[in-house]
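Accompanying notes for the structure given below.
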Amino acid sequence: ARASSEQPAERLVEPPSESPEPSDYLKRHPRFLTRPSEHMSRRLADGHVRQALEDKVMQTKAELEAAARERELETQKLNEGVLVGDAKRKDREVAAKEERLRNA
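Following my numbering, the residues of the sequence shown are numbered contiguously, the last one being 105.
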């Protein structure tokens, strides 16, 4: 009984119109059907920026190569040092053995 005495609530959604005209979003070409265009980055398009980036890459590459050469030289020196130490120890042992044989 109470519902009949109240006025109907305001409609929030309009009923669909019967017009033959399609909605705005249907008039536009669908974006997913368009062919993707390659992104043109400004950083790579500008010649001076590209040149600066390439120079930085070459500088970093040279630094890495120099560090690799330095590590290789250090490893080589370490190996040579081990060989020299082994040779000295062998000579000391041989000299001590000869000394023992002379004194015995």
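No residue lacks a Cβ here, since even glycine has one placed at the ideal position from N, Cα and C.
Range of the contiguous alpha helix (DSSP H) that encloses R72
Here the alpha helix (DSSP H) through R72 covers G48 to N104.
Taking only the alpha-carbon atoms, compute the straight-line gap between L54 and A63 and give it to the nearest angstrom.
Separation of L54 and A63 (C-alpha to C-alpha, rounded to the nearest whole angstrom) is 14 angstroms.
Please report the straight-line C-alpha distance between A67 and R29, rounded to a whole angstrom.
Rounded to whole angstroms, A67 to R29 spans 58 angstroms at the Cα level.
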